[in-house]
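> One structure is given below, represented as structure tokens, and several questions about it will come after.
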Amino acid sequence: MARRLLPRIPSSGGASLARGREIARTAADGAVDVLHPLITVARGLRRLAACGRAKWAATPRERRGPTLLLAAVCVLGVVLTPYGPPLGILSLLGAAAWKGRERPGARAEPDAAGAERLRALYEALVPHFSVSADPDAPFVHGGEWRRVFGDFAFDADGRPTRLRVSYPAYFPDGEPAARARVERLLHAKSGRGREYRFDWDEEGNRLLMTVLPALSASVAAQRFVTVPGEAVLGFTDADAVQRTVPVRDGDADRDAPAVVWRTGPRSPEPHLLVVGQPGAGASTLLRSVALQALQHGGEVLVLEGFGTGEYACLAGRRGVLGVECGPVGALGALEWAARETERRLAVAHEARRAGEPAP
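Following our numbering, the numbering of the sequence shown begins with 1 at its first residue and continues without gaps.
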């Protein structure tokens, strides 16, 4: 059988195909240029919506009703104002265009000291994020740290303040013990004496370590706005709690995110244990809790083991059953407190059985 030559594509057809590709590419570039403002506005609307959802989630529940009412009043005012709706739409589109603009930024390379610290962090994480069965493990001794560290920042002393780590999918990030080992290592290698936050993204296999800013110490002891059975233990980050308390901060008033301890029969944590090193503020916290309890008609019995007189300011106040410093007085106060507690429990039990309110 005679061999047949394979058919050849004519050269004129190849030129037509190349010309068609060039036309399609030019049309796509032109469409992108024409639709660029629309893409920018759509991106900005999406970012504004995400920002609004985040603000709503961070708003305390007791403030959501007034916030909705204020938003409804603003919308009604815009609608009733002459030329209000067109101006409102133009303002929204302008804000979306500004929010959706592209802000490219080149990744900053660390200096020699920063690169050396990142190298040390990488080498320290190798035993936790590597297995011998992985031929292309991202964490190997002598490997490239830029492959796994996607975002980083340093403070003035050269210590990391932000670090994003991409770890392999086989790392057991769902086990608290495995997480704790990595967090302890990053804490020790990044610098002690600071408070860190670790955000684990189990879906994306990423860990974000950030240094939390120091909490404000300008709020002095004062009468906090609480209900009976509540005590303010301190203040924390704004995104850590949903409860805020109005406080006096220097010469101004503001709402501060408070850590509130609830007591009573329905409290999930009716007991409080305060521990701390000398000078950490444990005595100040206990005095504050005692004063808040007395404010709502509570009773306080103080047994001071060191006899330094740190709680002498409570003596003689209404509701203070006693401030004992010596061992004999403390023992007698404990025996009286045990008997009185048993008596009150028995009275409350009898009242509950009789269907009467507890005294």
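Idealized CB from N, CA, C, for every residue including glycine.
#1: With a threshold of 16 other CB atoms inside 10 Å of the CB of Gln222, please say whether the residue is buried or exposed.
#2: Distance, Cα to Cα, Thr210 vs Arg197?
#3: Taking the alpha-carbon positions, what's the Gly105 to Phe152 distance?
#4: Can you confirm whether the region 198 to 218 touches the region 132 to 148 when touching is taken to mean that 3 or more C-beta pairs between the two stretches lie within less than 8 Å?
#5: Roughly how far, in whole angstroms, is the beta-carbon of Arg181 from the beta-carbon of His128, given that I think they are within contact range, below 8 Å?
#6: Applying the 10 Å Cβ sphere with the 16-neighbour rule, what's the burial state of Val75?
#7: Can you pull the DSSP bridge partners for Val244?
#8: In the structure shown, what three-state DSSP assignment does Leu163 receive?
#9: Mind pulling the beta strand (DSSP E) runs of 3 or more residues that sit fully within the region 81 to 169?
#10: If you reduce the DSSP assignment to three classes, tell me which class Arg339 lands in.
#11: On the DSSP bridge assignment, give the partners of Asp251 in chain order.
#12: Are the region 317 to 325 and the region 345 to 353 touching by the rule of at least three beta carbon pairs closer than 8 Å?
#13: Go ahead and pull the three-state DSSP assignment for Ala71.
#14: Pick helix, strand or coil for Ala354, following the three-state DSSP scheme.
#15: What does a CB cutoff of less than 6 Å around Glu310 pick up in its chain, not counting 5 residues either side in sequence?
#16: Taking the runs of the beta strand (DSSP E) that are 3 residues or longer, which of them lie wholly in the region 276 to 355?
#17: Starting from the C-beta of Asp255, find all residues in its chain whose C-beta is less than 6 Å away, skip the five residues before and the five after it, and write them out in chain order.
#18: Take Gly307 as the anchor and find which of Ser288, Ala330 and Leu291 has the nearest alpha-carbon.
#19: For Pro357 and Ala351, I'd like the C-alpha separation in whole angstroms.
#20: Please state the DSSP three-state secondary structure of Gly234.
Per the coordinate set shown:
#1: Residue numbering aside, residue 222 sits at position 222 when the sequence shown is read from its first letter. Exposed.
#2: Position 210 of the sequence shown, counting from 1, holds the residue named residue 210. Position 197 of the sequence shown, counting from 1, holds the residue named residue 197. Between Thr210 and Arg197, the C-alpha separation is close to 5 Å.
#3: As a working mapping, residue 105 is identified with position 105 in the sequence shown. As a working mapping, residue 152 is identified with position 152 in the sequence shown. Since pLDDT at Gly105 reaches only 49, below the 50 mark, its modelled position is unreliable, and no value is offered.
#4: no
#5: Translated into positions along the sequence shown, residue 181 becomes position 181. Translated into positions along the sequence shown, residue 128 becomes position 128. With a Cβ gap of about 6 Å, Arg181 and His128 count as contacting.
#6: Walking along the sequence shown from the start, residue 75 turns up at place 75. The residue in question, Val75, is exposed, as its Cβ has fewer than 16 Cβ neighbours within 10 Å.
#7: On the sequence shown, position 244 is the one that residue 244 refers to. For clarity, residue 244 is Thr in the given sequence; the question names Val instead. Paired residue(s): Pro257.
#8: Numbered from its first residue, the sequence shown carries residue 163 at position 163. In the structure shown, Leu163 adopts extended strand secondary structure according to DSSP, grouped into three states.
#9: 149 to 154 and 160 to 166
#10: Here residue 339 corresponds to residue number 339 of the sequence shown, with the count starting at 1. Looking at Arg339 - three-state DSSP - the assignment turns out to be helix.
#11: As a first step, residue 251 is located in the sequence shown; it is residue number 251 there, counting from the start. Answer is none; Asp251 lacks a bridge partner.
#12: With the rule of 3 Cβ pairs closer than 8 Å, the region 317 to 325 does not count as touching the region 345 to 353.
#13: Here residue 71 refers to the residue found at position 71 of the sequence shown. Helix at Ala71.
#14: Position 354 of the sequence shown, counting from 1, holds the residue named residue 354. Coil, per DSSP.
#15: Within the sequence shown, numbered from 1, the residue matching residue 310 stands at position 310. Cβ within range, chain order: Ser283.
#16: 300 to 303 and 320 to 324
#17: For the purposes of this step, residue 255 is identified with residue 255 of the sequence shown, where counting begins at 1. Same-chain partners within the cutoff: Thr244 and Pro246.
#18: For the purposes of this step, residue 307 is identified with residue 307 of the sequence shown, where counting begins at 1. Comparing Cα-Cα distances from Gly307 to each of Ser288, Ala330 and Leu291, the minimum goes to Ala330.
#19: Here residue 357 refers to the residue found at position 357 when the sequence shown is read from its first residue. Here residue 351 refers to the residue found at position 351 when the sequence shown is read from its first residue. Approximately 6 Å between the Cα atoms of the pair.
#20: Looking up residue 234 in the sequence shown gives position 234. It is a strand residue.
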